[in-house]
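Participant:
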Amino acid sequence: MAGVPSSKTTTRLKIKRSNPAAGGAESYSEFDVDTEAWTTVLDAILAAKNYGDHSVGVRYSCRQATCGSCGMMINGKPRLACFTKISELDGGTVTVEPMKNFPIVRDLVVGFDRLFRSHHRIKPYIISDEADIEEGVRENRQTPEELEKYIQFAGCIKCGLCNSACPTMATDSQFAGPQSLAQVYRYVADTRDKGKDERLKIIDDSHGIWRCHYAGSCSKVCPKGVDPAMGIQLLKGHMLGFR
Amino acid sequence: MRESTIIRIHYATALASVAFVALHVMIRVTQGFADSLEFENVVANYQFLPYAGILEVILVLLSIHGFNGLRVVLLEIRQGRMYERGVTVACIVMMVAVIAYGSRTIFAMNMGAF
Ligand code: SF4
Chain D
4 MAGVPSSKTT TRLKIKRSNP AAGGAESYSE FDVDTEAWTT VLDAILAAKN YGDHSVGVRY
64 SCRQATCGSC GMMINGKPRL ACFTKISELD GGTVTVEPMK NFPIVRDLVV GFDRLFRSHH
124 RIKPYIISDE ADIEEGVREN RQTPEELEKY IQFAGCIKCG LCNSACPTMA TDSQFAGPQS
184 LAQVYRYVAD TRDKGKDERL KIIDDSHGIW RCHYAGSCSK VCPKGVDPAM GIQLLKGHML
244 GFR
Chain B
310 MRESTIIRIH YATALASVAF VALHVMIRVT QGFADSLEFE NVVANYQFLP YAGILEVILV
370 LLSIHGFNGL RVVLLEIRQG RMYERGVTVA CIVMMVAVIA YGSRTIFAMN MGAF
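Top line first, the protein sequences correspond to chains D and B.
Residue numbering for the first sequence follows our numbering, starting at 4 and increasing by one per position.
Residue numbering for the second sequence follows our numbering, starting at 310 and increasing by one per position.
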């Protein structure tokens, strides 16, 4: 009987550990984890947690890049742990750290209060008196071209990777952030929505849209193919009256 | 003032500055660079009203643009209501002071102070 080829290797996993509530000393825990070609970073972290140290703090849920829970710095870049295969990464050691620009809760778990507050502030829902569905009346219809204008932005899963990559987020603690700004564009570009003026007013302050310097790093890291940098520039066009 | 209005002014002063500085450079090119900073030439430039006007416009445009740029940089470094207000007021005061001091020089020279 022919042997079944295996891609099994051992990967060294370095996990940054800290617990600000208990003093905040930082360290790295190292684990050697058996990995296959399809093993994701999340799988490796869970293996380390199951068989090495149960106390490793990590947040995850869907394991399929839908819930946006497992964002972290993987070898220095913001990525989703469930959506990053170890075999895609360079080198034998994988280093995982909590996302930058977020407060650390413990180990790899960060607080999302600021992101959710910014997202909530921009009214992330259709504002329209005609939005209610009445008996016998058809829902608002859109042409494929109208849908095309905003559909990529509707794919945002609020994982926060874009905010983690943003250089302005690193220095301006009140900056709205690429995630919520891209969502403003998502609703402004939606023909069913009538809340454009309201939303543009919200982001037109000294820590709003104009603090984006178009570094573009948000768009590079988005796991869902959203282009927040483009949305923000298109939004600027709306605000300057070009659209 | 809304931030979008400030940004419009910021962009407009940048574009206008490019145009006026280009005009200024073109005038200097036609006059010969080497003698530009000779005292008599400097005084003569200020006393030639259209050119003195260009210098005054450049002074105003760059002061507005530059100090707003400084304000934006400072607002990104630190946050807080008092700090923000302080930075805004300080930048406006510095802008007015630079324009006043520069204008005083241009007007005094133009009116034959030297
Ligand atoms: S825009 Fe992309 S990177 Fe940013 S929160 Fe949404 S899905 Fe995540």
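Glycine included, C-beta positions come from ideal geometry on N, C-alpha and C.
With a threshold of 7 Å (Cβ to nearest heavy atom), would D/Cys225 be considered close to the ligand SF4?
Facilitator: yes
Participant: Express the C-alpha separation of D/Ser72 and D/Asn166 in angstroms, rounding to a whole number.
Facilitator: 14 Å
Participant: Count the C-beta pairs between the stretch 334–342 of chain B and the stretch 380–387 of chain B that are closer than 8 Å, then say yes if the count reaches three, no if not.
Facilitator: no
Participant: Alpha carbon to alpha carbon, what distance is there between D/Val112 and D/Val99?
Facilitator: 11 Å
Participant: By the DSSP assignment, the alpha helix (DSSP H) with B/Phe348 in it spans what residues?
Facilitator: 348–356
Participant: Quick one: what's D/Met75 bridged to in DSSP?
Facilitator: DSSP lists D/Arg82 as the bridge partner or partners of D/Met75.
Participant: Using CA atoms only, rank isn't needed, just tell me which of D/Arg189, D/Gln155, D/Gln236, D/Pro81 is closest to D/Tyr128.
Facilitator: D/Arg189
Participant: By the three-class DSSP mapping on this structure, what secondary structure does D/Arg144 have?
Facilitator: coil
Participant: Measuring only the C-alpha atoms, how far is B/Ala353 from B/Val398?
Facilitator: If you take the alpha carbons of B/Ala353 and B/Val398, they lie about 36 Å apart.
Participant: Can you check whether the C-beta of B/Leu264 is within less than 8 Å of a C-beta belonging to chain D?
Facilitator: Not covered by the structure: residue 264 of chain B. The range shown for chain B is 310 to 423.
Participant: Which word fits B/Asn350, buried or exposed, when buried means at least 16 other C-beta atoms lie within 10 angstroms of its C-beta?
Facilitator: Taking every protein chain shown into account, the CB of B/Asn350 has fewer than 16 other CB atoms within 10 angstroms, so this residue is exposed.
Participant: The alpha helix (DSSP H) with B/Ile315 in it runs from where to where?
Facilitator: 312–340
Participant: Since D/Leu243 meets chain B, which of its residues come closer than 9 Å, beta carbon to beta carbon?
Facilitator: Ser313, Ile316, Arg317, Tyr320
Participant: State the Cα-Cα distance for the pair D/Glu151 and D/Gln145, rounded to the nearest angstrom.
Facilitator: 10 Å
Participant: DSSP on B/Tyr392, reduced to helix/strand/coil?
Facilitator: helix
Participant: Grouping DSSP H, G and I as helix and E and B as strand, with all else coil, what is D/Thr171?
Facilitator: helix
Participant: Using a Cβ-Cβ cutoff of less than 7 Å, which residues in the same chain neighbour D/Gly95 once the five nearest sequence positions on both sides are dropped?
Facilitator: Thr14, Arg15
Participant: If we require 4 or more residues per run, which alpha helix (DSSP H) segments fall completely within the stretch 24–112 of chain D?
Facilitator: Listed in chain order, they are 44–54.
Participant: Please classify D/Met172 as buried or exposed, where buried requires at least 16 other C-beta atoms within 10 Å of its C-beta.
Facilitator: buried
Participant: Give me the chain D residues within the contact set of B/Glu393, using Cβ-Cβ distance strictly less than 7 Å, ordered along the chain.
Facilitator: Ser209
Participant: Ordered along the chain, which non-local residues of its own chain (more than five positions away) have a Cβ less than 7 Å from that of B/Ala418?
Facilitator: Sequence check: residue 418 of chain B is Met here, not Ala. Here the set comprises Val352, Tyr355, Gln356.
Participant: I'd like to know whether the C-beta atoms of D/Ala185 and D/Val229 end up nearer to each other than 8 Å.
Facilitator: yes
Participant: Closer than 7 Å between beta carbons: that is the criterion. Which residues of the stretch 164–191 of chain D meet it against chain B?
Facilitator: Thr171, Thr174, Asp175, Ser176, Gln177
Participant: Could you round the C-beta distance between D/Lys239 and D/Ala168 to whole angstroms and report it? I think they count as a contact, below 8 Å.
Facilitator: Going by Cβ atoms, the distance from D/Lys239 to D/Ala168 rounds to 19 Å, so no, they are not a contact pair.
Participant: Should D/Cys162 be counted as a contact of the ligand SF4 given a C-beta to heavy atom distance under 7 Å?
Facilitator: yes
Participant: Between the stretch 212–230 of chain D and chain B, which residues of the former have CB atoms less than 7 Å from a CB of the latter, in chain order?
Facilitator: Trp213, Arg214
Participant: Below 8 Å on C-beta distance, what does B/Gln388 contact in chain D?
Facilitator: Residues of chain D passing the Cβ test: Asp175, Ser176, Gln177, His210.
Participant: Tell me the DSSP bridge mates of D/Thr13?
Facilitator: D/Asp37
Participant: Per DSSP, which one or two residues make a beta bridge with D/Lys19?
Facilitator: D/Tyr31
Participant: Suppose you measure from the CA of D/His122 to the CA of D/Pro181; what does that come to, to the nearest Å?
Facilitator: Rounded to the nearest angstrom, the gap between the Cα atoms of D/His122 and D/Pro181 is 10 Å.
Participant: Should B/Ala343 go down as buried or exposed, given a rule of 16 or more other Cβ atoms within 10 Å for buried?
Facilitator: exposed
Participant: Would you check whether the ligand SF4 has a heavy atom nearer than 7 Å to the C-beta of D/Pro170?
Facilitator: no
Participant: Sort D/Thr42, D/Asp110, D/Ala232, D/Phe34 by Cα distance to D/Arg20 and report the nearest one.
Facilitator: Nearest of D/Thr42, D/Asp110, D/Ala232, D/Phe34 to D/Arg20, Cα basis: D/Asp110.
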